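*Asks:* Attaching a single structure in structure tokens format; questions to follow.
Protein chains: 2
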Amino acid sequence: MARIPHLTSAEFEILKVLWRLGQGTVAEVRATQQRGGAVPAYTTVMTLLGRLAAKGAVLVDRSREPFVYRSAHRRESVIGSRVRDFLRDVFDGKADSLVLHLVEDEALTLEDLRALERVLTKSSRAEEATTAAAATSTRRGRRAAGGRAK
Amino acid sequence: MARIPHLTSAEFEILKVLWRLGQGTVAEVRATQQRGGAVPAYTTVMTLLGRLAAKGAVLVDRSREPFVYRSAHRRESVIGSRVRDFLRDVFDGKADSLVLHLVEDEALTLEDLRALERVLTKSSRAEEATTAAAATSTRRGRRAAGGRAK
DNA sequence: GCCGACCAACTACAGTTGTCGTAACAAGTG
DNA sequence: CACTTGTTACGACAACTGTAGTTGGTCGGC
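Protein chains in written order, with the working numbering: chain A, 233 to 382; chain B, 233 to 382.
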């Protein structure tokens, strides 16, 4: 599980664009960056992509010019890392505390929670089915649920 | 609803201590700061408390020496602000996306979710009851569920 | 064969953050 | 009283961040 380097907020924004595009040149990233109003200078985007490349967060294809950049990690991994950090810093690592807060703060309703649960119940059943199928056929299986802290 | 100023991570740690203590002097905060191993220098804590005071995040009682500091905002408010920022930056403001991620990332199990729901269902019923009682008796009421975005 | 459009490499720079060191002062102690 | 101890007020600083200007090379045209 590759460790995700620390990303500043400007860098993270760049990554989000890269995930959206799949990959892109400095100019493409710059054009896609849709934050309200001002587009950052070309060199600003370049600097950021350079820093990201330096810390291994993006890969650069220098065989083509202009260089083509893409994220070195899947979106889910990076976001997962951010969530874990946030959880550790703010909720002492306890995910249920966060969800509880969300509901109490009315960012989420009880109904949202139930809807989510329905979706998840269904998908988890589907996954069990495919896992079982895979197990009996290809014997490939998938990584079982790892041990979660506390 | 007082706007919470932006807090750096070191500043937030100080606030956490202050909430734990209720209030405290530089020395007390410093002693309570329990991060693994190294205690920060006395002046480091002072600088941080000073910066927090400067941005209105903590209140200082200078009538007593050593000065006594305490958070200017309730824990829930500050955390709520942090959560909202995080949600906006990482999940496009969608709380349900975050919870979905949590479950998919196994930080939370379906069972945790159900347990949470049970707790919340019970407390929301209790709140309804008290609200109704308050409404019929003192006419005081409480802020109704505010409009949530989207 | 010079020109403007692109592009990568550097350099720059002010602001922010995390951590301290020093000076100066009040109170307690031998 | 000379010292030690606990405090506040300031100043410092290196690392990190967000943003961008400058330099110098390439390439397709006119």
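Note that CB positions come from ideal geometry on N, CA and C, so glycine has one too.
The structure displayed is predicted, hence computed values, not measured ones.
Please confirm whether A/L291 and B/A327 have their CB atoms less than 8 Å apart.
*Replies:* no
*Asks:* Residues in the same chain with beta-carbon distance under 6 Å from A/H238, minus the five sequence neighbours each way, listed in chain order, please.
*Replies:* none
*Asks:* Please confirm whether B/R314 has its beta-carbon closer than 8 Å to some beta-carbon of chain A.
*Replies:* yes
*Asks:* What residues from chain B crowd round A/S303, counting only those whose CB sits closer than 9 Å?
*Replies:* Neighbours of A/S303 across chain B, judged by C-beta separation under 9 Å, do not exist; the nearest C-beta is about 15 Å away.
*Asks:* Quick one: Cα of B/T341 to Cα of A/R346, how far?
*Replies:* Between B/T341 and A/R346, the C-alpha separation is close to 14 Å.
*Asks:* What separation, rounded to the nearest whole angstrom, lies between the Cα atoms of A/Y301 and A/A289?
*Replies:* Taking the straight line joining both Cα atoms gives about 10 Å.
*Asks:* Do you know whose CA, among B/M278, B/E360 and B/A234, lies nearest B/E260's CA?
*Replies:* B/M278
*Asks:* In angstroms with no decimal places, state the Cα-to-Cα distance between A/G256 and A/T276.
*Replies:* 15 Å
*Asks:* Roughly how many angstroms separate the alpha carbons of B/A263 and B/Y274, rounded to a whole number?
*Replies:* 9 Å
*Asks:* Nearest to A/L247 by alpha carbon, out of A/A285, A/D337 and A/V271?
*Replies:* Each of A/A285, A/D337 and A/V271 was checked against the Cα of A/L247, and the nearest Cα belongs to A/A285.
*Asks:* Would you mind stating whether B/V315 and A/D337 have Cβ atoms separated by less than 8 Å?
*Replies:* Taking 8 Å as the Cβ cut-off, B/V315 and A/D337 qualify as a contacting pair.
*Asks:* Can you pull the DSSP bridge partners for A/L291?
*Replies:* According to DSSP, A/L291 bridges with A/R302.
*Asks:* Shorter than 8 Å from the beta carbon of A/H238 to some beta carbon of chain B?
*Replies:* no
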